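In order, the protein sequence lines correspond to chains A and B.
For what it's worth, UniProt numbering labels the leading residue of the first sequence as 1, then goes sequentially.
For what it's worth, UniProt numbering labels the leading residue of the second sequence as 1, then goes sequentially.
From the three backbone atoms N, C-alpha and C, an ideal C-beta is built for every residue, glycine too.
These figures come from a predicted structure and were not determined experimentally.
First comes the structure, then the notes that go with it.
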Amino acid sequence: MPTVKFTYALKRFFPGLTQTPAQGQTLASILDEMEARYPGMRSYILDEQGQLRKHVNIFIDGHLIKDRTSLSDAFSSNSEIYIMQALSGG
Amino acid sequence: MQSTMLLGTRKGFIAYEFQQGQWKAINLSFEGVPVSIAYADPRNGTWWACLDHGHWGVKMHRSKDRGQTWEEVAAPAYPEGAEVKDGMKATTRYIWSMAHGGKQFPSKIWAGTDPGGLFVSEDEGNSFQLVESLWNHPTRKEGWFGGGRDLPGIHSIVVDPRDENHIHIGISCAGVFETVDGGKSWAIRNKGLRAEFLPDPSTEVGHDPHILVAAPGDPDSLWQQNHCGIFRSTDGAKNWEDIGQANGPAYFGFAIAVAEDNPLQAWVAPARSDETRTAIKGALCICRTDDGGKTWKELRNGLPQENCFDIVYRHALVSAGNAVAFGTTTGNLFFSADKGENWQVINNYLPMIYSVQFAD
């Protein structure tokens, strides 16, 4: 079962955040699972049209996903899915 | 005098309280997070913070205990399929304005966003819905556009206290729109404005009001600080008259405030226009008119007059009674107890200030 890991920056909003096993077959369904476990999280990662936010990245097994719009990148049952904050700011 | 002041800043929500003759900071919330609007609903004292997380999107939080605790509510979001223009999905980029719906509608709250959406809540802000009538206005896709931001934005929502279904809104870059039926239908109210940056300066839409306000004592007296001057209407925005100084400082700027007790009295915060967007000649001044814009007085006593780069954003100049306050882009907060004749510094070391509001 894939494991979802999170940038520490999200702990500010979801203090109980920890790496979490997921069952979904698609990234979108996995994010729905994360939303159920950490209510409100989906809106931090995706915009209201379901697209990955501009300054958020998702890596699957160390590779940046290609489809930021419909989140169709494939993964396997033992993949590590890492949600990170793209570095920018001031 | 109202004894609380709320600030939305580049690095958080800050509240000040007037205690023993001084403004003292009493609350800092969301430290490090840009707060596009800090808003107090005068009907119930609820505080609102509109956040602009760089990474995590725009969010709304409210506090019913003056900032001691906050709860997140669902921020205005565009429905599936909504498009800014053909092929470009609409997502909320920035919450640029908030206004309560009036005493007649105690559960109603309005919010305006970039990319040009007006939202309404009918349940005290638990949820917001897009006002489709304005979003579907035939002028929007072709006639509204971005100015300083990439997309048009609704920064002003003016609810008429005599009839709270009567609302004016200000949009950069589109202009002023009016509804008399609570948002079911909209009329364009840009007659008399100039859009010097367009091929047709007297275009019907595409004007750039930077802020739109109404005189509290005379809601038909509307004022706007526009990209192309200062304009006033005395007939509910049906006609606009240029009242800016052709050769004086009171011309370009972002902010305007009208006196509670005198619809002829208003303040603006002049800036040097397109090329630099800085204080004029390195000196900060607020201009006040006492005669509906026929003449303007420069108020400088207590304000820096050299080496100054500050400008004042659209929601960051306010008046209440004899009190006037403003916050600047370089984090200076000034206060006057005598209608701007004399200024004192509250703080020189704040983050960039986006909004200032007096509250109880």
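Quick check on DSSP: helix, strand or coil for residue i?
i      : result
A/M84  : strand
B/G12  : strand
B/D208 : coil
A/D32  : helix
A/Y38  : coil
A/G62  : coil
B/I243 : coil
B/I280 : helix
A/S72  : coil
A/K5   : strand
B/E142 : helix
B/W56  : coil
A/R12  : helix
B/S233 : strand
B/L193 : coil
B/S273 : coil
B/S36  : strand
B/I311 : coil
B/D198 : Checking the displayed sequence, the identity of residue 198 of chain B turns out to be Leu instead of Asp. Correct three-state label for B/L198: coil.
A/L27  : helix
B/Y354 : strand
A/S43  : helix
B/C50  : strand
Return the Cβ separation of residue i and residue j in integer angstroms, given the expectation that the two are a contact with Cβ distance under 8 Å.
i                      : j      : result
B/C287                 : B/A323 : Actually they do not touch by this definition, with Cβ atoms about 17 Å apart.
B/N348                 : B/G302 : No, B/N348 and B/G302 are not in contact; Cβ-Cβ is about 13 Å, not under 8 Å.
residue 367 of chain B : B/R189 : Only positions 1 to 360 of chain B appear in this structure, which leaves residue 367 of chain B out of reach.
residue 437 of chain B : B/Y313 : Nothing can be reported for residue 437 of chain B, as the shown portion of chain B is limited to 1 through 360.
B/K85                  : B/P351 : Contact flag wrong, Cβ pair sits at about 33 Å.
B/M5                   : B/V356 : 6 Å
B/T92                  : B/A82  : Actually they are not in contact, since the Cβ atoms of B/T92 and B/A82 sit about 10 Å apart, beyond 8 Å.
B/L289                 : B/I311 : For the record, residue 289 of chain B in the displayed sequence is Thr; it is not Leu. Between B/I311 and B/T289 the Cβ distance is about 20 Å, and since that is not below 8 Å, they are no contact.
A/Q49                  : B/K89  : 4 Å
B/I95                  : B/C50  : 4 Å
A/M84                  : A/T7   : 5 Å
A/A9                   : A/L71  : Not a contact, Cβ separation roughly 20 Å.
A/E33                  : A/G24  : 6 Å
B/F128                 : B/A195 : In fact, because the Cβ distance is near 30 Å, the residues do not count as touching under 8 Å.
B/L333                 : B/G327 : 5 Å
The ligand MG and residue i: does any heavy atom of the ligand fall closer than 7 Å to the residue's C-beta?
i      : result
B/Q104 : The model depicted lacks the ligand MG and carries no ligand whatsoever.
Cβ of residue i within 8 Å of Cβ of residue j?
i                      : j      : result
B/D29                  : B/F13  : Correcting the residue type first, residue 29 of chain B is Ser in the shown sequence and not Asp. Yes.
B/D360                 : B/G146 : no
B/W296                 : B/Q224 : no
residue 363 of chain B : B/I256 : The first residue shown for chain B is 1 and the last is 360, placing residue 363 of chain B beyond what the model contains.
B/G170                 : B/E260 : no
B/G116                 : B/P152 : yes
A/P21                  : A/T3   : yes
B/A215                 : B/V258 : yes
B/M1                   : B/Y39  : no
B/R62                  : B/G125 : yes
B/G102                 : B/H155 : no
B/L134                 : B/G183 : yes
B/L212                 : B/H168 : yes
B/D235                 : B/L264 : no
Might you give, ordered along the chain, the residues of its own chain that have their beta carbon closer than 7 Å to the beta carbon of residue i, omitting 5 neighbours on each side?
i                      : result
B/P270                 : P249, A250, Y251, F252, G253, I280, C285, C287
B/L193                 : G175, H207, N226, F231, W240
A/L46                  : L31, L52, R53
A/S79                  : P2, I60, D61
A/F13                  : Y44
B/R162                 : P219
B/Q104                 : E164
residue 103 of chain A : Lying outside 1 to 90, the shown extent of chain A, residue 103 of chain A is not represented and no answer is given.
B/S273                 : F252
B/T69                  : S63
B/D338                 : N322
A/D73                  : L27, I60, I65, K66, D67
B/F309                 : T278, A279, T330
B/P106                 : R43
A/M41                  : F14, M34, E35
Using a Cβ-Cβ cutoff of less than 6 Å, which residues in the same chain neighbour residue i once the five nearest sequence positions on both sides are dropped?
i      : result
A/K5   : Q19, Y82
B/G293 : R232, I243
B/A187 : E178
B/F335 : A325, Q344, I346
B/L300 : It is worth fixing the name first, because residue 300 of chain B is Arg in this sequence and not Leu. Around B/R300: C285.
B/K191 : N239
B/Y16  : M5, W23, A25
Residue i CB to nearest chain E CB: under 8 Å?
i     : result
A/E35 : Looking at the structure shown, chain E is missing, and the protein chains on hand are A and B.
Within the same chain, show all residues whose beta-carbon is closer than 8 Å to that of residue i, passing over the 5 residues directly before and after it, in chain order.
i                     : result
B/F197                : D208, H227, C228
residue 95 of chain A : Missing from the structure shown is residue 95 of chain A; chain A here goes from 1 to 90 and no further.
B/G54                 : P34
Start-end ranges of the alpha helix (DSSP H) lying completely within the stretch 122-189 of chain B, minimum 4 residues: 132-135, 140-143
Length-filtered (3 minimum) beta strand (DSSP E) runs lying within the stretch 65-93 of chain B: 71-73, 83-85
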